[in-house]
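Trainee: Sharing a structure below in structure tokens format, with a few things to ask.
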Ligand SMILES: Nc1nc2c(ncn2[C@@H]2O[C@H](COP(=O)(O)OP(=O)(O)O)[C@@H](O)[C@H]2O)c(=O)[nH]1
Ligand SMILES: [Mg+2]
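Numbering (my numbering), first residue to last: 25 to 323.
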């Protein structure tokens, strides 16, 4: 008998959804930065252990959409919630404690309208000076009747993550595996490469640039094992305005070079191959609201 469940990871921006996904998978699959709205698409990660397969869907943080792009982001959340056998609501425990309420209108309606079991995951326990403070929130969660289970973890420190996995495994329905047990994701290398470049941009620039930028892989040539040639990858970094392009490129190309170096390191670690990476910056006026541009960027 095997068990298999699709698990949606949802919650506000910056709650630690992608960090948790990576902690569960034991690898850097979903990009993480200290800025909200880093994750823009659905990222699928598969955890297979013994006779249980858990298929995680990491999602963009819940928000009221202002751009067409953000509408797409929220549709990935909806689709993931619809596909889920189990929903994990990830909450920043410190923020919930400061707010004095663990129930958040941002997601409470979404989850009550579904019959799917819901686990409340209080994350960032390492940030709570007094861990007991979380008890109040767990009690609130219990009284609300909204959750099947509640658990307090730290995704960053990988504490109680195995307990969450055990909790999910117990709730997983009896099903055949959906994926081969060796597979970690069904998404393409191209997708992850574009994500790693975006991650480097998020880390390197402050406020405006990360949100105005996206990445499109224009060339991806795998080279045979044993040949000296590196894999060749070319990508366009799309921004909204000329001045953003100038900032991204920097004096004598120094900023873009830094993006290239940082992302190449992550890409090489992910692919396990040496890579020749070429980056170009393109201006695409108002792409975040443009249906055609969004489609070409995979939204
Ligand atoms: N202290 C602490 N920080 C965390 C924890 N989990 C995530 N973070 C940080 O919170 C920020 C947002 O994390 P991320 O996984 O991108 O959040 P997401 O937007 O929900 O996917 C990053 O700076 C993470 O390093 C945690 O358990 N403890
Ligand atoms: Mg994320």
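Even glycine gets a Cβ: it sits at the ideal position worked out from N, Cα and C. This one's a predicted model, so the numbers in the text were calculated from it and none came from an experiment.
Relative to the C-alpha of residue 75, which residue among 228, 290, 198, 238 is closest?
Mentor: Minimum Cα distance to residue 75 is reached at 198.
Trainee: Please report the distance separating the alpha-carbon of residue 188 from that of residue 175.
Mentor: Taking the straight line from one Cα to the other gives about 7 angstroms.
Trainee: Taking residue 27 as part of the beta strand (DSSP E), name the residues at either end of that continuous run.
Mentor: Unbroken beta strand (DSSP E) run through residue 27: 27-35.
Trainee: Rank 101, 147, 124, 157 by C-alpha distance to the C-alpha of residue 131 and give the top, closest one.
Mentor: Ranking the options by Cα distance to residue 131, first place goes to 101.
Trainee: So for residue 240, helix, strand or coil by DSSP?
Mentor: Of the three classes helix, strand and coil, the one that applies to residue 240 here is strand, per DSSP.
Trainee: What distance in whole Å lies between the Cβ atoms of residue 55 and residue 220, which are believed to be in contact at a cut-off of 8 angstroms?
Mentor: That pair is a contact at about 7 angstroms.
Trainee: Mind checking whether residue 142 and residue 135 have CB atoms under 7 angstroms apart?
Mentor: Taking 7 angstroms as the Cβ cut-off, residue 142 and residue 135 qualify as a contacting pair.
Trainee: Given residue 214, which residues of its chain have a CB within under 6 angstroms of its CB, disregarding the five upstream and five downstream residues?
Mentor: Hits under 6 angstroms: 241, 244.
Trainee: Could you give the DSSP three-state label for residue 301: helix, strand or coil?
Mentor: Correct three-state label for residue 301: strand.
Trainee: Identify every run of the alpha helix (DSSP H) within the stretch 63-127, keeping only runs that are complete inside it and at least 4 residues long; order them along the chain.
Mentor: Listed in chain order, the complete alpha helix (DSSP H) runs (minimum 4 residues) inside the stretch 63-127 are 92-107, 117-123.
Trainee: On the DSSP letters alone, give me the boundaries of the alpha helix (DSSP H) that residue 187 sits inside.
Mentor: From DSSP, the alpha helix (DSSP H) with residue 187 extends over 185-195.
Trainee: Report the residue from 61, 44, 80 whose alpha carbon sits nearest the alpha carbon of residue 207.
Mentor: Among 61, 44, 80, the Cα nearest to that of residue 207 belongs to 80.
Trainee: Would residue 179 and residue 171 qualify as a contact pair, given that the criterion is a beta-carbon distance under 7 angstroms?
Mentor: No; because the gap between Cβ atoms is not below 7 angstroms, this pair is not in contact.
Trainee: If we require 4 or more residues per run, which alpha helix (DSSP H) segments fall completely within the stretch 250-323?
Mentor: Those alpha helix (DSSP H) runs which fall completely within the stretch 250-323 and span 4+ residues are 266-273, 278-295, 315-320.
Trainee: Excluding the 5 residues preceding and the 5 following residue 258 in the sequence, name in chain order all residues of the same chain whose CB lies nearer than 6 angstroms to its CB.
Mentor: 242, 243, 302, listed in sequence order.
Trainee: Per the DSSP calculation, residue 178 is bridged to which residue(s)?
Mentor: Residue 178 pairs with 183.
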